[in-house]
Structure formats: structure tokens, C-alpha cells
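J.: Attaching a single structure in C-alpha cells format; questions to follow.
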Amino acid sequence: MYCWSINVQKTNTSTHSSKENSISIANALSSVVMGYRKISQLCAAAADLTSGQDHALTMASHEDKLVGKISEIEKSLAALSTQQIQLFDLKKSISDELDLLRASRARSYKHGAVHPYPRLPMEGESSMTVNQGEHRSVFLMITFSKGNIGALYEVKFKYGGEVDDMDGRAALEPVVKFPCINECARIFNRFQLYVFTEDGCIRSFDTKTRELDPSLPLTLELKPSGTVVSAYDRLYFLEEASPFLADPLPSFAKYNPDENDWERMPEFPIRYPYPMWVTGYVVCYGLILYTLIDGHENSDVVAFHVGGMNWIRVEVDTCDYTPFRGRAVVVGETIYALDLFQVDEIIAFSLKMNKRDDDSIAYTLIKLCKLDGLKIASPPCPFDGLESDYFVHLGNQDFFHVKTGTNFEFYKVQYICITTFQIFVREDGIHMIKTLHSSVLPMDIEACGRFMLTFGFTTECEDYEPVEGKSAAST
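Residue numbers (numbering that gives the first Met the number 0): 0 to 474.
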């Protein structure tokens with residue numbers, strides 16, 4: 000028993016010692032494992048740190064390259080911008096110099112200098128009028144493309160000779176401007192120009208005193224758009240036709256400038272299938288004769304008898320009739336007018352009057368011929384659009400013609416071609432033009448844009464308005 004007990008104790012002691020050793024070994028192994036784990040974590044952390052730094056360095060390097068490229072692009076753009084500005088300045092400088100050169104060439108020179116547009120050679124140097132070389136002036140009304148602004152210009156010249164040099168100025172300047180202009184007219188024996196505005200008012204400008212009167216509202220309710228005609232010391236206003244058939248016929252009214260009074264007249268009596276617009280008119284033999292046309296080039300001629308206060312349909316020679324535009328001029332028994340469809344073309348008409356069985360008068364407008372011989376000086380560059388012209392009677396057989404047009408190479412000036420001429424009738428009855436002189440002038444357009452000619456007159460010559468029964472062709 001005793002021995003067995005001892006053995007048991009020994010065995011227990013040995014087992015206990017073995018357990019302690021095992022625990023120590025396990026602890027040691029655990030420590031080693033933990034150490035390896037820490038080393039592994041440190042290595043991983045170090046590896047992560049190295050990888051992040053490399054990535055950051057790579058990104059920084061790429062960013063530096065991009066910044067460098069942007070800097071190069073900005074430098075290139077700056078250089079291009081500088082070159083663009085330099086080119087723009089160079090272009091503007093050249094354009095300014097070219098404008099001045101052309102304006103200088105276009106002016107009429109004095110002191111024996113050679114004019115670039117000399118008086119065109121004519122057969123026979125003697126003039127058919129006694130006022131050769133006389134100082135004259137013509138007023139021109141134009142309408143600008145910007146804001147529908149109108150402006151009045153005065154052109155001074157020696158008849159049959161050179162246009163004045165405008166005291167050395169490079170371009171014509173307006174005498175007065177009119178905002179929102181619609182129509183204008185001048186009563187032949189007055190210095191006043193009457194201007195109708197889009198807001199339904201009328202203004203007058205005295206060409207002698209250069210005074211512009213305040214706006215006066217119309218005493219009648221009229222449309223602002225229409226045609227104004229001066230006839231027999233009064234102004235007549237015909238409303239523009241409405242495109243709607245249900246609307247009333249155009250109103251017609253007469254204005255007395257002495258009393259600032261409007262009087263309603265018989266309305267326009269004809270209703271057309273399509274709206275008709277007035278293209279031209281002439282005052283003769285107690286009539287205001289209107290030419291009209293629609294969008295399909297159908298034309299008509301209607302006259303208002305001033306004394307009889309009634310409208311009359313005028314017959315035309317349909318096989319050869321050409322509508323005219325603007326105010327026509329009466330010289331003797333001939334009517335001269337501008338061709339509606341062709342710039343620079345002047346047509347001669349006659350008005351025939353036949354008495355009917357009921358003692359009424361039948362009127363017939365007959366086209367006589369187109370006049371040849373108008374020779375107009377060319378501008379520095381040909382007109383490429385928006386051509387317009389007008390002509391003014393200077394008295395006797397003498398006339399003033401002005402033409403203009405646009406050219407998009409010029410943004411500061413627009414040129415006008417001024418021509419003086421005479422009309423004579425050959426032995427065979429053909430009407431011809433004898434051109435006396437033609438020159439070119441620049442007009443400033445920087446402020447208001449390009450323009451068109453709308454009206455012209457001279458205060459030195461009264462419009463010839465033959466009264467009824469004084470002179471007319473009859474059969």
C-alpha cells in the first residue's frame with residue numbers, strides 16, 4: 000500500500016511537471032505566433048505605406064505633367080489672342096485708311112486737281128439751260144435700317160459741275176433726324192418739310208431757318224401707315240390697305256397746314272382680291288393719280304379728282320404699261336417717273352383725256368418710252384444690295400438723280416452717286432437724257448446703319464402741278 004501510494008504520488012508529480020512544461024511551451028509558441036503576427040502586420044503596414052506613397056508620387060507626377068500642359072496651352076492661347084487682336088487692329092487700320100482713301104478719291108477736288116469721276120464726255124459742250132454753273136442744293140430724306148430713323152441731308156453743288164467738298168469733311172452729315180418716321184412731303188411753295196411719324200403725329204421742319212416744330216397729333220383717327228401727297232397747297236393722306244377683306248376700305252383725308260386741320264375725304268372706293276400698295280403718284284390737271292400693285296404684280300391706276308371730290312378709274316395700256324414709283328414730275332404735257340422694277344430707269348408717260356357721251360372724262364395713262372442716256376459714276380466698289388434711287392426736278396428740262404446701295408465691305412460709310420442731267424426730245428419724238436455731270440459722295444453710317452433713299456426735293460424750284468383744263472393731251 001505504501002509503495003503504491005508512493006508510486007502514485009510520483010506519477011502525479013511527474014504528470015504535473017509535464018503539464019507545466021506543456022503550458023510553458025504553449026505560451027512560448029503563442030508568444031512566437033503573436034510575434035510573427037505583429038511582424039506580419041508591421042510588414043503589411045509598411046507595404047501599404049510604401050504602396051500609398053508610390054501612388055501619391057505617381058499622381059503628383061501626373062498632375063505636374065497636366066499642369067505643365069495647361070500652362071503651355073494657356074501660353075499658346077495668349078499668343079493666339081495677342082495675334083488675333085493684332086490682326087483685328089491691323090484690319091481696322093487698313094479699313095480706316097481705305098475708307099479715307101476712297102472718300103478722298105470720291106470727293107470733288109478744287110484748285111485744278113484731277114477728279115476721279117470727271118464730267119462724262121458729251122457731244123457738244125453747250126448747255127440747254129441758262130443756269131449752267133449756278134450754285135444749287137437738294138435735300139434728301141433717307142431711312143436707316145436701325146430703329147426706322149429718318150434723316151434729312153443737304154447736297155450742295157454747281158449745276159452741271161462738281162459737288163461741293165463739304166468744307167473738307169469726309170462725309171455728308173444730316174441736317175436733322177426724325178425718329179420713327181413713316182412718310183414725308185413738301186408743299187411746293189413752302190420751305191417746310193412735313194413728316195408723319197409712326198405714333199400718328201405730324202412734324203414740320205423749316206429748311207430755311209433749320210427749326211423743327213413740336214409734334215402735333217392728328218385731329219382725325221387715321222392709321223399711321225399710308226401715302227402722303229402734297230397737291231395744290233394741301234397735304235393728302237391715303238391709308239395703307241388692310242390685308243383682311245372684312246376691314247373697312249382705306250380712309251382718305253386732307254390736311255390744311257395753315258390751320259392744322261384735317262378734313263375727311265371720300266374713302267378709297269375699290270376693294271381688290273389682294274391688298275394693293277401705292278408705289279407712285281403724280282399731281283396734274285386737277286388729279287392726284289396713284290399707281291398701285293399687289294404681291295402678284297397685278298397693277299392698277301386710280302385718280303382722285305380734287306375739284307370734284309371723287310375717285311376715277313384710270314385706264315392703262317396693258318400691253319406695255321410699267322408701274323412707276325415715287326413722285327413723278329410733270330414737264331409740259333409729259334410725265335417723267337422712275338421705273339418700279341428697275342433702278343436708274345426713267346420712263347415717259349402721257350395722260351390722255353377723252354370726253355364720253357355723258358360729258359364725263361375718261362383718263363388713259365400711256366407709256367411713251369424708256370429714256371436712254373443716263374450715265375452714272377461708279378462707287379469705289381459696286382453696290383451689292385438694297386439699291387434705291389430718286390430724282391428731283393430742278394426746273395426747265397434740268398434734273399438731279401441720286402442713287403445708293405449697300406456694300407458689306409464698308410461698315411463706316413455708304414456711297415451715293417449724284418448725277419445732273421437734262422431731258423430733250425429728238426426730232427423723231429424720242430425722249431433722251433443728256434448727262435451733264437456725275438460724282439460720288441460718302442455718307443457716315445456708323446451710328447444708324449445702312450439706309451435707303453425715300454424722298455428728295457429742292458426749295459429753289461416749285462413742283463409743277465398743272466391745274467384742270469390748263470394743258471393736257473386730248474383726242
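Virtual Cβ for every residue (Gly too), placed ideally from N, Cα, C.
Candidates 451, 346, 278, 397: which alpha carbon is nearest residue 319's?
T.: Among 451, 346, 278, 397, the Cα nearest to that of residue 319 belongs to 346.
J.: Cα-Cα, which of 392, 343, 365 is closest to residue 386?
T.: When each option's Cα is compared against that of residue 386, the closest is 343.
J.: Looking only at DSSP bridge pairs, what is residue 312 linked to?
T.: According to DSSP, which records beta bridges pairwise, residue 312 is partnered with 301.
J.: What residues match up with residue 401 in a beta bridge as DSSP calls it?
T.: According to DSSP, residue 401 bridges with 389, 417.
J.: Would you mind stating whether residue 197 and residue 213 have Cβ atoms separated by less than 9 Å?
T.: No, they are not a contact pair.
J.: Which of the three DSSP states is assigned to residue 455 in this structure?
T.: Looking at residue 455 - three-state DSSP - the assignment turns out to be strand.
J.: In three-state terms, what does DSSP make of residue 250?
T.: Residue state, collapsed to three classes: coil.
J.: Using C-beta distances below 6 Å, list every residue in its chain close to residue 324, excluding the 5 sequence neighbours before and after it, in chain order.
T.: These residues qualify, in order along the chain: 278, 279, 337, 339.
J.: For the pair the region 421–428 and the region 238–245, tell me if three or more CB-CB distances fall below 8 Å.
T.: Because the criterion of three Cβ pairs below 8 Å is not met, the region 421–428 and the region 238–245 do not touch.
J.: Bridge partners of residue 440, per DSSP?
T.: Residue 440 is bridged to 415.
J.: Would the region 376–395 count as touching the region 355–364 if we require 3 or more Cβ pairs under 8 Å?
T.: No, the region 376–395 is not in contact with the region 355–364.
J.: Taking the alpha-carbon positions, what's the residue 216 to residue 195 distance?
T.: If I take the Cα positions, the gap works out to 10 Å.
J.: Can you list, in chain order, the residues of its chain whose CB lies under 6 Å from that of residue 315, leaving out five sequence neighbours each side?
T.: For residue 315, where only same-chain residues beyond five positions count, the Cβ hits under 6 Å are 300, 364.
J.: Out of 248, 282, 185, point me to the one whose CA is closest to residue 271's CA.
T.: The option with the nearest alpha carbon to residue 271 is 248.
J.: If you follow the beta strand (DSSP E) that residue 407 is in, where does it begin and where does it stop?
T.: Taken as a continuous stretch (DSSP letters only), residue 407 belongs to no beta strand (DSSP E), as it is neither H nor E.
J.: Rounding to the nearest angstrom, what Cα-Cα distance links residue 256 and residue 211 in this structure?
T.: In a straight line, the C-alpha of residue 256 is about 15 Å away from that of residue 211.
J.: Got a sec? Which residues, its chain only, sit under 8 Å from residue 383 by beta carbon, not counting five neighbours each side?
T.: Within the same chain, residue 383 has close Cβ partners 404, 405, 406, 407.
J.: Is the Cβ-Cβ distance between residue 287 and residue 302 less than 9 Å?
T.: It is a contact, given that the beta carbons lie within the stated cut-off.
J.: If I measure Cβ to Cβ from residue 142 and keep anything under 7 Å in the same chain, skipping five residues before and after, which residues do I get?
T.: Answer for residue 142: 149, 180, 450, 451, 453, listed in chain order.
J.: Let me check understanding here. Comparing Cα to Cα, which of 282, 253, 237, 295 lies closest to residue 273?
T.: When only C-alpha atoms are compared, the closest one is 295.
J.: Taking the beta strand (DSSP E) that residue 207 falls in, what are its first and last residues?
T.: Element bounds for residue 207: n/a, residue is neither H nor E.
J.: Answer yes or no: do residue 455 and residue 412 have a C-beta to C-beta separation smaller than 9 Å?
T.: Against a cut-off of 9 Å, the Cβ pair of residue 412 and residue 455 comes out as no contact.
J.: Taking buried to mean at least 16 other C-beta atoms within 10 Å of its own C-beta, is residue 381 buried or exposed?
T.: The residue in question, residue 381, is exposed, as its Cβ has fewer than 16 Cβ neighbours within 10 Å.
J.: Taking its Cβ as the centre, do 16 or more other Cβ atoms sit within 10 Å of residue 177, making it buried, or is it exposed?
T.: Flag for residue 177 reads buried.
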